[in-house]
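In what follows, a single structure is set out as structure tokens and then discussed.
In the working numbering, the protein residues as written are 6 to 189.
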């Protein structure tokens, strides 16, 4: 599988401040007579920049692996969804947790469809958890697997979180999962 590039990262401000700090650090290293103090200043600026850098978890734009035993699509009925709004979707068994890899959102008529796959999944019993990101407001419409909604804006006022009612069996031949949501 080809490497996937993160679709979210620091804001433009973080990148501008970081670039300015790097330039200042290079200037200080070139023109300072006190290299130890300069090195400490550059290290502190780097740590400050990294502390303010955040990446949304598990969101990547790539081609979902067609050889994965569990793959499918998320459909936003009558709405749009950007890469930065993709939910976190994981599957777990007794020993392993795997996070979905997302494709690029595509328009299909009035809907937006995003492919996903779970790399390195093996045959067996797996439970799924679906949690919307902080920047979306979704409600579950339907799913090809039985999902229980633990929270949603309609139910609890919180973000959509749904899990499988019971573990689902993934055979060696693979399974296709479809989940449909609507924007609230």
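Just so it is clear, CB atoms sit at the ideal spot from N, CA and C, and this is done for glycine as well.
Under the DSSP assignment, residue 137 falls outside any beta strand (DSSP E); it carries neither an H nor an E label. The beta-carbon distance between residue 135 and residue 92, rounded to whole angstroms, is 6 Å. This is short enough to meet the 8 Å contact definition. Using a 10 angstroms sphere on the CB of residue 186, the tally of other CB atoms reaches 16 or more, which defines it as buried. Within the same chain, Cβ atoms closer than 6 Å to the Cβ of residue 180 are found at 75, the five residues on either side in sequence being excluded. In this structure, the beta-carbon distance from residue 78 to residue 120 falls below 7 Å. At a Cβ-Cβ threshold of 7 Å, residue 152 and residue 142 do not count as neighbours. Of all alpha-carbon atoms in 182, 155, 111 and 101, the one lying nearest the alpha-carbon of residue 149 is that of 182. In the DSSP secondary-structure assignment, residue 144 is bridged to 187.
Secondary structure note for residue 155: its beta strand (DSSP E) is the uninterrupted segment 152-156.
Within the same chain, 98, 130, 131 and 132 come within 8 Å of residue 172 by CB-CB distance, once the 5 residues on both sides are set aside. Excluding five sequence positions before and after residue 116, the CB atoms of its chain that fall closer than 7 Å to its own CB belong to 80, 81, 82 and 83, given in chain order.
Under DSSP, the beta-bridge partners assigned to residue 112 are 117. Here the alpha carbon of residue 147 sits roughly 6 Å from the alpha carbon of residue 184. Setting aside the 5 residues that flank it on each side, residue 140 is surrounded in the same chain by 90, each with a C-beta closer than 6 Å to its C-beta; the list follows chain order.
Burial is judged here by how many other beta carbons sit within 10 angstroms of a residue's own beta carbon; residue 105 has at least 16 and is buried. If you compare the alpha carbons of 176, 163 and 28 with that of residue 126, the shortest gap goes to 176.
Nearest neighbour of residue 161 by Cα position, chosen from 88, 30, 107 and 144, turns out to be 144. Taken through DSSP and simplified to helix, strand or coil, residue 106 comes out as strand. According to the DSSP assignment, residue 77 belongs to the beta strand (DSSP E) that extends over 75-81. For the options 154, 113, 158 and 73, the alpha carbon positioned closest to that of residue 169 is the one of 154.
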